[in-house]
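Numbering (this note's numbering), first residue to last: 43 to 437. Inspection log for the structure reproduced underneath, given as structure tokens.
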């Protein structure tokens, strides 16, 4: 049996896909551990999991709040300078300690936790990439100067925390990249290397609270889940309010469940239910469409259930993922900063009443299921462990 170490950033959407893969590996008799922030990892993977602590900045740090005016390349530069780069420095000591103690046969590094890849290369540990968003394969197309700038930043990180003479791109392992999507969503023209395996989403049961008001769901009306994820609370109020207003004008025909972590949005009878958090996977089995920020996990979980989307991308990889949704025909895009109730109403009418959107969503969902998800990912990792057995062990 082998040991597998998952290195994850302090982002729930990047931890969730590893949970099912790790559970499958454990079911097959392998040892599994994580390196990350325990306060985030442990509630998602279970209290009995082995989690090696890694330092990282709090997402609420004022230094991480980007001005709304930053878009495109400047926003990406801000993200690498303020978050991904410092995160690599913060995590590196914890990752080294985890490798020395756990002695993994394979390390799986999230694309945005590049400390995992850099430390693995330095310590002679075979490593794979966990690509929890497919946007990294398309979002830099046509921006060679941005890619050159990021390569320079990664070179600097390698000199400080990695193997100075290393050559691998810490965002993309030369041996194995697990892409939690399929070409049905990413697109046939995406530049995927030979080491990339499209395994589809890793969907697994997650801890859920028992306080969701299931009895308030109205089976007589279509239901829409409206969520902007866990990292957009500070910019969410205006858009969520417009969504609530859109539903208020059609309460006889629609019911919405709105996720508002701030808890400031008022409910509207039984037509707009507002919760700080929801059990998303069980809820997706009961709704008819989703309005979201085009976060990769939410999009994939929605399409897994064959549901069409209204996507309002905010930042980072979200515009690229929104583009994938619309090109696949599985949803409608609206402008996050400008869409009002009328725009949102029109988009909801389209995805709820035009059968082509649901048919496209179901087509992508079928491709996800056929790709194998966590089971396929675990098999690819086992094969990597076998191929690399006997290679240089950690120093």
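Glycine included, every Cβ here is placed at the ideal spot set by N, Cα and C.
Indicate the three-state DSSP secondary structure (helix, strand or coil) for residue i in the structure shown.
i           : result
residue 303 : coil
residue 171 : strand
residue 150 : strand
residue 46  : strand
residue 437 : Confidence at residue 437 is low in this model, with a pLDDT of 49, below 50, so its placement is unreliable and the value that follows should be read with caution. DSSP places residue 437 in coil when its eight states are reduced to three.
residue 60  : helix
residue 95  : strand
residue 142 : helix
residue 288 : helix
residue 195 : helix
residue 230 : coil
residue 340 : helix
residue 236 : coil
residue 219 : strand
residue 209 : coil
residue 400 : helix
residue 78  : strand
residue 326 : helix
residue 241 : coil
residue 316 : strand
residue 116 : helix
By the 10 Å Cβ neighbour count, where 16 or more other Cβ atoms means buried, how is residue i classified, buried or exposed?
i           : result
residue 233 : exposed
residue 3   : In the structure displayed, the chain extends from 43 to 437; residue 3 sits before or after that span and is not available.
residue 242 : buried
residue 142 : exposed
residue 212 : buried
residue 442 : Residue 442 is absent from the model: the chain starts at 43 and stops at 437.
residue 419 : buried
residue 190 : exposed
residue 401 : exposed
residue 61  : buried
residue 411 : exposed
residue 172 : buried
residue 115 : exposed
residue 194 : exposed
residue 308 : exposed
Using the C-alpha atoms, what's the distance from residue j back to residue i?
i           : j           : result
residue 406 : residue 422 : 22 Å
residue 78  : residue 138 : 12 Å
residue 132 : residue 237 : 29 Å
residue 228 : residue 196 : 25 Å
residue 436 : residue 346 : Its pLDDT being 49, under 50, residue 436 is placed unreliably by the model, and the measurement read from it follows with that caveat. Straight-line Cα distance between these residues: approximately 39 Å.
residue 377 : residue 369 : 16 Å
residue 306 : residue 381 : 20 Å
residue 55  : residue 326 : 16 Å
residue 225 : residue 235 : 13 Å
residue 144 : residue 74  : 9 Å
residue 297 : residue 313 : 5 Å
residue 157 : residue 203 : 8 Å
residue 162 : residue 389 : 46 Å
residue 428 : residue 366 : 35 Å
residue 271 : residue 363 : 14 Å
residue 259 : residue 323 : 15 Å
residue 288 : residue 124 : 36 Å
residue 71  : residue 383 : 52 Å
residue 170 : residue 391 : 42 Å
residue 46  : residue 148 : 5 Å
residue 126 : residue 99  : 10 Å
residue 353 : residue 230 : 21 Å
residue 304 : residue 286 : 15 Å
residue 121 : residue 192 : 11 Å
residue 188 : residue 175 : 19 Å
Kindly give me the distance between the Cβ atoms of residue i and residue j, rounded to whole angstroms, as I take these residues to be in contact under 8 Å.
i           : j           : result
residue 350 : residue 373 : 5 Å
residue 200 : residue 218 : That pair is no contact at about 20 Å.
residue 215 : residue 159 : 7 Å
residue 438 : residue 315 : There is simply no residue 438 to check, as the chain begins at 43 and stops at 437 in what is shown.
residue 299 : residue 267 : 5 Å
| Does the segment 326 to 341 come within contact of the segment 351 to 370, defined as at least 3 CB pairs closer than 8 Å? | yes
| field | contact_flag[the segment 154 to 166, the segment 60 to 75] where n(CB pairs < 8 Å) is 3 or more | value | no
| message | Between the segment 71 to 88 and the segment 44 to 54, can you find at least three pairs of beta-carbon atoms closer than 8 Å? | response | yes
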